[in-house]
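J.: Convert by adding 325 to the 1-based position in the sequence shown; the result is the number in my numbering.
Where is the CB? At the ideal position from N, CA and C, for every residue including glycine.
Since this is a predicted model, take the numbers as computed values, not measurements.
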Amino acid sequence: MYHIKTLFFVILFNLVFSIPSLACDTRIILAEVDTISLDQAVNRIKKNSKGKVLGAKTVMIDGRPIHVIKVLTKSGRVKRVRVPTRPSKH
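1. Determine the extent of the alpha helix (DSSP H) in which R411 is found, giving its start and end residues.
2. Looking at the unbroken alpha helix (DSSP H) that takes in K371, where does it start and where does it end?
3. Return the chain-ordered list of same chain residues with a C-beta closer than 7 angstroms to the C-beta of K375, the five sequence neighbours on each side being excluded.
4. DSSP state of R405, grouped into three classes?
5. With DSSP as the reference, please indicate the residues paired to H392 in a beta bridge.
6. Report yes if the CB atom of I391 is closer than 9 angstroms to the CB atom of P409, and no otherwise.
7. For the candidate residues K372, D364, V396, whose alpha-carbon lies nearest to that of T383?
8. For H328 and I336, I'd like the C-alpha separation in whole angstroms.
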């Protein structure tokens, strides 16, 4: 009977201390997936600027993907807006 109680305690101990670590790993993975799609970037520019979006593409700058969006301003100039695919970390 003593061995069964000990085995039960060991199993319970492992479960209690392994579940929080699994939850922590899940949070880290979810945080790493937090990116801005090209459509989301275009929608932000449309909402925050008075100009017309002419085109958008994703390019690599310094090894990181950046969304580049061409906007025609009210004054008739073409402006290129860069939007990082990952939010900046402070």
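T.: According to the structure data:
1. Residue numbering aside, residue 411 sits at position 86 when the sequence shown is read from its first letter. Run containing R411: none; DSSP gives neither H nor E here.
2. Within the sequence shown, the letter at position 46 stands for residue 371. Its alpha helix (DSSP H) spans residues 363–373.
3. Counted from its first residue, the sequence shown places residue 375 at position 50. Within the same chain, K375 has close Cβ partners K399.
4. The residue given as residue 405 occupies position 80 in the sequence shown. In this structure, R405 counts as strand in the three-state DSSP scheme.
5. For the purposes of this step, residue 392 is taken as the residue at position 67 of the sequence shown. According to DSSP, H392 bridges with T383, V408.
6. Along the sequence shown, one-based indexing puts residue 391 at 66. Along the sequence shown, one-based indexing puts residue 409 at 84. A contact, by the Cβ cut-off of 9 angstroms.
7. Here residue 383 refers to the residue found at position 58 when the sequence shown is read from its first residue. The shortest C-alpha separation from T383 is found at D364.
8. Sequence index remark: in the sequence shown, residue 328 carries index 3 (1-based). Sequence index remark: in the sequence shown, residue 336 carries index 11 (1-based). Taking the straight line joining both Cα atoms gives about 12 angstroms.
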